[in-house]
Amino acid sequence: MSFRLSEASAGDRVPKAVWPCRCRNPGVFVKDPMNCRIRALLLAVLIACARGSDPIAIGEERPPGVPSLPFSLPAYIQEIDRWGGALEKLKDHPESAARLHRELPAIWRVTAGGESIEAPTGWLGAGLDEVEKDPKTTAQAVGQMLARLRAMRREAQDLVEASPPIDGSARENLSEILARREFRGVHGPSWLEPIVSRILEWLSDWINGLGARFTRHRNIVTFIFWLFLISAAGGLLVWMVRRLLQRSGTPYLHLPGPQADGAVSWQHMAQNARQVAARNEYREAIRLAYWAAVVRLEEMGLWSVDRARTHREYLRLVRPDQPQREPLDVLTRKFESAWYAARPPSEDDFRTVLTQLEKLGCA
Numbered sequence: 130m131s132f133r134l135s136e137a138s139a140g141d142r143v144p145k146a147v148w149p150c151r152c153r154n155p156g157v158f159v160k161d162p163m164n165c166r167i168r169a170l171l172l173a174v175l176i177a178c179a180r181g182s183d184p185i186a187i188g189e190e191r192p193p194g195v196p197s198l199p200f201s202l203p204a205y206i207q208e209i210d211r212w213g214g215a216l217e218k219l220k221d222h223p224e225s226a227a228r229l230h231r232e233l234p235a236i237w238r239v240t241a242g243g244e245s246i247e248a249p250t251g252w253l254g255a256g257l258d259e260v261e262k263d264p265k266t267t268a269q270a271v272g273q274m275l276a277r278l279r280a281m282r283r284e285a286q287d288l289v290e291a292s293p294p295i296d297g298s299a300r301e302n303l304s305e306i307l308a309r310r311e312f313r314g315v316h317g318p319s320w321l322e323p324i325v326s327r328i329l330e331w332l333s334d335w336i337n338g339l340g341a342r343f344t345r346h347r348n349i350v351t352f353i354f355w356l357f358l359i360s361a362a363g364g365l366l367v368w369m370v371r372r373l374l375q376r377s378g379t380p381y382l383h384l385p386g387p388q389a390d391g392a393v394s395w396q397h398m399a400q401n402a403r404q405v406a407a408r409n410e411y412r413e414a415i416r417l418a419y420w421a422a423v424v425r426l427e428e429m430g431l432w433s434v435d436r437a438r439t440h441r442e443y444l445r446l447v448r449p450d451q452p453q454r455e456p457l458d459v460l461t462r463k464f465e466s467a468w469y470a471a472r473p474p475s476e477d478d479f480r481t482v483l484t485q486l487e488k489l490g491c492a
């Protein structure tokens with residue numbers, strides 16, 4: 130392609146058919162504006178070709194701080210080899226350090242064994258900066274960078290050799306191990322767990338936001354705190370009072386008191402206790418045996434039976450020096466354990482009760 134150019138003198142006038150080209154030489158004119166565009170396009174192509182002829186260009190320029198695409202281990206080793214070759218050429222062309230720095234990613238990402246490993250390249254960029262600022266240090270800086278690249282390559286190669294592919298037998302062994310009883314309860318998250326996690330996260334965010342709003346009104350926060358504290362203390366106090374009333378109150382035992390005509394005697398109650406124990410109803414049997422002892426001690430003149438009186442009040446009516454005190458104490462404790470401690474009595478407990486009855490004269 131040829132350009133028709135003409136030089137105009139100071140006194141010449143430019144014809145209307147001739148258009149000025151925006152070039153460095155103001156005295157050069159072309160007759161067709163399209164030729165100027167073609168000239169600019171050719172100039173751009175020549176610049177691109179000159180750039181592509183750089184002996185050390187190994188990749189395209191990227192914005193600073195942008196990491197590389199993930200490499201597999203073999204591709205990572207090839208990338209290290211490419212940079213090693215570029216550094217070798219840098220010894221003869223230190224002026225290419227700036228271009229190499231622009232092509233250098235901020236991080237080399239490597240995927241191995243299902244995991245992602247990041248290898249920062251800041252040290253390599255610092256070395257290239259040093260070469261760019263002071264080309265006299267090129268040999269020393271390049272030697273240090275190459276030494277580190279070789280060490281990284283050895284580590285990557287060792288990792289490749291230490292991670293052989295899983296063959297069929299290894300997969301069978303893994304499946305056999307996971308099929309064992311101790312791994313049967315291990316499973317991935319169910320469909321419900323992500324929903325619950327989102328709900329809990331939403332509640333946490335809502336509570337945090339509510340707390341942030343409340344902190345602006347300290348009087349409201351103080352009021353709510355004391356209200357909660359008083360409510361908790363009140364609830365605890367009511368629970369303790371109810372427990373104390375339950376312990377101190379005497380439950381109705383469904384036992385008739387001693388009749389004036391003697392229709393309900395201690396012998397009858399003791400006999401019923403043995404019959405009930407034969408059916409393995411030891412709790413009821415101990416209750417009957419205790420009241421047989423109460424009626425028996427009434428006959429002995431220790432007290433008058435009062436159904437409103439508690440078992441501990443009966444015990445306090447017997448002096449410590451009286452022979453009936455010890456067996457009645459044991460009998461009372463067995464009765465309390467069976468009726469108030471909610472502990473199921475056993476056959477041995479009932480035998481102990483019968484022994485105390487015999488000591489009280491209820492043989």
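With the numbering used here as the guide, the letters of the sequence shown map in order to residues 130 to 492. Here a beta-carbon is modelled for each residue, glycine too, at the ideal position from N, C-alpha and C.
request  = Evaluate Gln117 with the Cβ neighbour count: other Cβ atoms within 10 Å of its Cβ, from every protein chain shown; 16 or more gives buried, anything less gives exposed.
outcome  = What the structure shows of the chain is the stretch from 130 to 492, and residue 117 is not part of that stretch, so it cannot be assessed.
### Task
Using three-state DSSP, classify Val239 as helix, strand or coil.
Within the sequence shown, residue 239 is the residue found at index 110, counting from 1. Of the three classes helix, strand and coil, the one that applies to Val239 here is strand, per DSSP.
Presumed contact (8 Å Cβ cut-off) between Glu413 and Val405, rounded CB distance: On the sequence shown, position 284 is the one that residue 413 refers to. On the sequence shown, position 276 is the one that residue 405 refers to. With 8 Å as the limit, Glu413 and Val405 qualify as a contact, their Cβ atoms being about 5 Å apart.
Coarse secondary structure for Glu410, derived from DSSP in three states = Taking the sequence shown and counting its residues from 1, one reaches residue 410 at position 281. Reduced to three states, the DSSP call for Glu410 is coil.
task: Please say whether Leu198 and Leu288 have beta carbons closer to each other than 8 Å?
output: Along the sequence shown, read from residue 1 onward, the residue named residue 288 stands at position 159. Along the sequence shown, read from residue 1 onward, the residue named residue 198 stands at position 69. Their beta carbons are not under 8 Å apart, which means Leu288 does not touch Leu198 by this criterion.
### Task
Starting from Pro456, trace the alpha helix (DSSP H) both ways and give me its first and last residue.
Within the sequence shown, numbered from 1, the residue matching residue 456 stands at position 327. Start and end: Arg454 to Trp468.
*Own chain, CB closer than 8 Å to Ser245, minus 5 neighbours either side, in chain order*: For the purposes of this step, residue 245 is taken as residue 116 along the sequence shown, with counting starting at 1. The beta carbon of Ser245 is closer than 8 Å to those of Pro199, Arg238 and Val239 in its chain, skipping five residues each way along the sequence.
Review point. Is the distance from the Cβ of Phe479 to the Cβ of Tyr411 below 8 Å?
Key: Position 350 of the sequence shown, counting from 1, holds the residue named residue 479. Position 282 of the sequence shown, counting from 1, holds the residue named residue 411. Yes.
In whole angstroms, give me the CA-to-CA distance for His230 and Glu208.
As a position in the sequence shown, residue 230 is number 101, starting the count at 1. As a position in the sequence shown, residue 208 is number 79, starting the count at 1. Rounded to whole angstroms, His230 to Glu208 spans 15 Å at the Cα level.
Q. DSSP on Pro249, reduced to helix/strand/coil?
A. As a first step, residue 249 is located in the sequence shown; it is residue number 120 there, counting from the start. Strand.
query = Under three-state DSSP, which class holds Ser201?
reply = Counting from one through the sequence shown, the residue named residue 201 turns up at place 72. Of the three classes helix, strand and coil, the one that applies to Ser201 here is strand, per DSSP.
Exercise. Could you name the residues of the same chain whose beta carbon sits closer than 8 Å to that of Glu217, not counting the 5 residues immediately before and after it, in chain order?
Key: Translated into the one-based positions of the sequence shown, residue 217 becomes position 88. So the qualifying residues of the chain are Val271 and Leu275.
### Query
Can you round the beta-carbon distance between Leu431 and Val447 to whole angstroms, since I take them to be within the 8 Å contact cut?
Counted from its first residue, the sequence shown places residue 431 at position 302. Counted from its first residue, the sequence shown places residue 447 at position 318. So it is a contact: roughly 6 Å between Cβ atoms.
Could you name the residues of the same chain whose beta carbon sits closer than 8 Å to that of Gly440, not counting the 5 residues immediately before and after it, in chain order?
Along the sequence shown, read from residue 1 onward, the residue named residue 440 stands at position 311. The residue asked about is misnamed: residue 440 is His in this sequence, not Gly. The residues are Thr379, Tyr419, Thr461, Phe464 and Glu465.
### Query
Tell me the DSSP bridge mates of Glu244?
One-based indexing of the sequence shown puts residue 244 at position 115. DSSP lists Ala241 as partners of Glu244.
>> My output table needs one value for Ser319: the three-state DSSP class, helix, strand or coil.
In response: Counting from 1 along the sequence shown, the entry for residue 319 is found at position 190. Under the three-state reduction of DSSP output, Ser319 falls in the coil class, being neither helix nor strand.
Exercise. What first and last residue would you give for the alpha helix (DSSP H) that runs through Thr481?
Worked result: For the purposes of this step, residue 481 is taken as residue 352 along the sequence shown, with counting starting at 1. Glu476 to Lys488 is the extent of the alpha helix (DSSP H) around Thr481.
Q) Does the distance from the C-beta atom of Thr250 to that of Val260 stay below 8 Å? A) Reading the sequence shown from its first residue, position 121 is the one you call residue 250. Reading the sequence shown from its first residue, position 131 is the one you call residue 260. Cβ distance not < 8 Å, so Thr250 and Val260 don't count as in contact.
Locate the alpha helix (DSSP H) running through Arg231, then write down its first and last residues. The sequence position of residue 231 within the sequence shown is 102, counting from 1. Run containing Arg231: Ala226 to Glu232, per the alpha helix (DSSP H) assignment.
Would you mind stating whether Ile415 and Ala467 have Cβ atoms separated by less than 8 Å? Residue mapping note: residue 415 aligns to position 286 of the sequence shown, counting from 1. Residue mapping note: residue 467 aligns to position 338 of the sequence shown, counting from 1. Closer than 8 Å, so yes.
| message | Threshold first: 4 residues or longer. Then list the alpha helix (DSSP H) segments lying entirely within the region 414-448, N to C. | response | 440-445
Subject >> Best match in Gln396, Ala248, Arg327 and Leu373 for proximity to Glu487 [C-alpha to C-alpha] >> reply: In the sequence shown, the residue the question calls residue 487 occupies position 358. Glu487 has its Cα closest to that of Gln396, out of Gln396, Ala248, Arg327 and Leu373.
| task | Assuming Leu489 and Leu444 form a contact by the criterion Cβ under 8 Å, report the distance between their Cβ atoms to the nearest whole angstrom. | result | In the sequence shown, the residue the question calls residue 489 occupies position 360. In the sequence shown, the residue the question calls residue 444 occupies position 315. Contact doesn't hold; Cβ gap of about 13 Å is too wide.
Using only alpha-carbon positions, find the residue among Glu284, Glu305, Glu442 and Pro456 that is nearest to Ala422. Residue mapping note: residue 422 aligns to position 293 of the sequence shown, counting from 1. Considering only Glu284, Glu305, Glu442 and Pro456, the residue with the shortest C-alpha distance to Ala422 is Pro456.
(Q) If I measure Cβ to Cβ from Pro264 and keep anything under 6 Å in the same chain, skipping five residues before and after, which residues do I get? (A) Stepping through the sequence shown from its first residue, residue 264 is reached at position 135. Pro223.
Original post:
Which term fits Pro473, buried or exposed, when burial requires 16 or more other beta carbons within 10 angstroms of its beta carbon?
Top reply: By one-based count along the sequence shown, residue 473 stands at place 344. Label assigned to Pro473: exposed.
query: What number of angstroms, rounded off, separates the C-alpha of Ala215 from the C-alpha of Ser225?
result: Counting from one through the sequence shown, the residue named residue 215 turns up at place 86. Counting from one through the sequence shown, the residue named residue 225 turns up at place 96. So the two alpha carbons sit approximately 10 Å from each other.
task = Would you tell me roughly how many angstroms separate the C-alpha atoms of Arg282 and Ile206, rounded to the nearest one?
result = As a first step, residue 282 is located in the sequence shown; it is residue number 153 there, counting from the start. As a first step, residue 206 is located in the sequence shown; it is residue number 77 there, counting from the start. Distance between the alpha carbons of Arg282 and Ile206: 6 Å.
inquiry  = For Val393, tell me which candidate among Leu417, Arg371 and Gln273 has the shortest Cα-Cα distance.
reply    = Against the sequence shown, residue 393 aligns to sequence position 264. Nearest C-alpha to Val393: Leu417.
Is it buried or exposed for Trp331, if we count other Cβ within 10 angstroms and need 16 for buried?
For this step, residue 331 is matched to residue 202 along the sequence shown. Exposed is the call here.
Note down the Cα distance separating Ile306 from Ala204, rounded to an integer number of angstroms.
Your numbering for residue 306 matches position 177 in the sequence shown. Your numbering for residue 204 matches position 75 in the sequence shown. Near 33 Å, if we compare the C-alpha coordinates of Ala204 and Ile306.
Check your understanding: When we look at the beta-carbon of Arg372 and count the other beta-carbons within 10 Å, is it buried (16 or more) or exposed?
Key -> Locating residue 372 in the sequence shown gives position 243, where the first residue counts as 1. Arg372 is exposed by the Cβ-count criterion.
request  = To the nearest angstrom, report how far apart Ile236 and Phe354 are at their CA atoms.
outcome  = The residue you call residue 236 lines up with position 107 of the sequence shown. The residue you call residue 354 lines up with position 225 of the sequence shown. When rounded, the distance between both Cα atoms is 52 Å.
**Message:** Could you check whether Gly254 and Leu278 sit closer than 8 Å to each other, using their CB atoms as the reference points?
**Reply:** Numbered from 1 along the sequence shown, position 149 holds the residue referred to as residue 278. Numbered from 1 along the sequence shown, position 125 holds the residue referred to as residue 254. No, Cβ-Cβ distance for Leu278 and Gly254 is not below 8 Å.
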